[in-house]
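Residues in the sequence shown are numbered consecutively from 6, following the numbering used here. For glycine and all other residues, C-beta sits at the position ideal for the given N, C-alpha and C. Fair warning: this is a prediction, and the values are worked out from it, not measured in the lab.
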Amino acid sequence: MAVARKKLVKKPITASMEDYLEAIFDLHRNNKAVRVKDIAGKLDVRMPSVTSMLKTLNERGLVNYEKYETVQLTEVGLLIGKEMRRKHDALRRFLTNILKVELQKADEEACRMEHALSSETMDRLADFINFIYTCPRAGESWLRHFEEYRTHGWDVETCGENSKEFLRNMKKP
């Protein structure tokens, strides 16, 4: 996506623009007609701010927007909105499921982080999350051991017991 995005978008896109494209993408998934007031509500901004941003996004070819009409993502805008949603969801899952960050805080921090990480880094993070849940050494027991480590610190005996548990689980059919 990153290479395609660079070829399709001539000027850099700001984090704010990405937030708008993600919001429009989300609203479009839930409702065919996306209006200025819907975007304002989702992003908790005033309608004149939305109108101003939509004009900018329209000029850049990322949305189709005319005053008093519904907003539609262009093909490029759709790709960017979808990518931002993918990043946000992966980061929120990592923060809540792996690091046990409270949901609201994880959602806010995922929003900030999604703009800073490249698609390549996000792909690696998504692969890591999948690895944790699918690799025999990972999964729920591994996450439980990680939480014990965070709570009590590193302990040679505990790590040894966790390794023995891992080996016992590997032998089970």
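Review point. Does the count of Cβ pairs from the stretch 94-101 and the stretch 115-127 closer than 8 angstroms reach three?
Key: yes
Review point. Going by the beta-carbon positions, is the gap between residue 68 and residue 79 smaller than 8 angstroms?
Key: Taking the sequence shown and counting its residues from 1, the one referred to as residue 68 is at position 63. Taking the sequence shown and counting its residues from 1, the one referred to as residue 79 is at position 74. In this structure, residue 79 lies closer than 8 angstroms to residue 68 by Cβ.
Review point. When the distance is taken between beta carbons, is residue 111 closer than 8 angstroms to residue 122?
Key: Stepping through the sequence shown from its first residue, residue 122 is reached at position 117. Stepping through the sequence shown from its first residue, residue 111 is reached at position 106. Not closer than 8 angstroms, so no.
Review point. Roughly how many angstroms separate the alpha carbons of residue 70 and residue 25, rounded to a whole number?
Key: By 1-based counting over the sequence shown, the position of residue 70 is 65. By 1-based counting over the sequence shown, the position of residue 25 is 20. Approximately 13 angstroms between the Cα atoms of the pair.
**Study point:** Best match in 77, 127 and 105 for proximity to residue 153 [C-alpha to C-alpha]
**Key:** Taking the sequence shown and counting its residues from 1, one reaches residue 153 at position 148. Checking every option, the nearest Cα to that of residue 153 belongs to 105.
Review point. If you draw a straight line from the C-alpha of residue 48 to the C-alpha of residue 131, how long is it?
Key: Taking the first residue of the sequence shown as 1, we reach residue 48 at position 43. Taking the first residue of the sequence shown as 1, we reach residue 131 at position 126. About 26 angstroms.
Check your understanding: If you draw a straight line from the C-alpha of residue 92 to the C-alpha of residue 128, how long is it?
Key -> As a working mapping, residue 92 is identified with position 87 in the sequence shown. As a working mapping, residue 128 is identified with position 123 in the sequence shown. Taking the straight line from one Cα to the other gives about 9 angstroms.
Check your understanding: Relative to the alpha-carbon of residue 124, which residue among 155, 108, 62 and 90 has its alpha-carbon at the smallest distance?
Key -> Within the sequence shown, numbered from 1, the residue matching residue 124 stands at position 119. Taking only the C-alpha atoms, the option nearest residue 124 is 90.
Practice item. Could you tell me how far apart the beta carbons of residue 32 and residue 44 are, in whole angstroms, since I believe they sit closer than 8 angstroms? Key: On the sequence shown, residue 32 is found 27 positions in, with the first residue counted as 1. On the sequence shown, residue 44 is found 39 positions in, with the first residue counted as 1. Right, the Cβ-Cβ distance comes to about 7 angstroms (below 8 angstroms), so this counts as a contact.
**Study point:** For residue 67, the three-state DSSP class (helix, strand or coil)
**Key:** In the sequence shown, residue 67 corresponds to position 62, counting from 1. Coil.
Check your understanding: Apart from the five residues just before and just after residue 103, which ones in its own chain have a Cβ nearer than 8 angstroms to its Cβ?
Key -> Within the sequence shown, residue 103 is the residue found at index 98, counting from 1. Cβ neighbours of residue 103 beyond the five flanking positions: 134, 137, 148 and 151.
Exercise for review: For residue 169, collect the residues of the same chain with a Cβ closer than 7 angstroms to its Cβ; drop the 5 residues on either side in sequence, then sort them by chain order.
Suggested key: Reading the sequence shown from its first residue, position 164 is the one you call residue 169. Nothing listed; no residue qualifies.
Exercise for review: Using a Cβ cut-off of 8 angstroms (strictly closer), state whether residue 60 contacts chain D.
Suggested key: Of the protein chains in the structure, only one exists, and it is not chain D.
Check your understanding: Of all the options 17, 59, 81 and 120, which has the alpha carbon lying nearest to the alpha carbon of residue 73?
Key -> The residue given as residue 73 occupies position 68 in the sequence shown. Nearest of 17, 59, 81 and 120 to residue 73, Cα basis: 59.
Review point. So, using beta-carbon positions, are residue 86 and residue 27 closer together than 8 angstroms?
Key: Residue 86 sits at position 81 when you count from the first residue of the sequence shown. Residue 27 sits at position 22 when you count from the first residue of the sequence shown. In this structure, residue 27 lies closer than 8 angstroms to residue 86 by Cβ.
Check your understanding: Cα separation between residue 37 and residue 77?
Key -> Position 32 of the sequence shown holds residue 37. Position 72 of the sequence shown holds residue 77. Taking the straight line from one Cα to the other gives about 9 angstroms.
Review point. Can residue 41 and residue 52 be called in contact, C-beta distance under 8 angstroms?
Key: The residue given as residue 41 occupies position 36 in the sequence shown. The residue given as residue 52 occupies position 47 in the sequence shown. For residue 41 and residue 52, yes; Cβs fall inside 8 angstroms.
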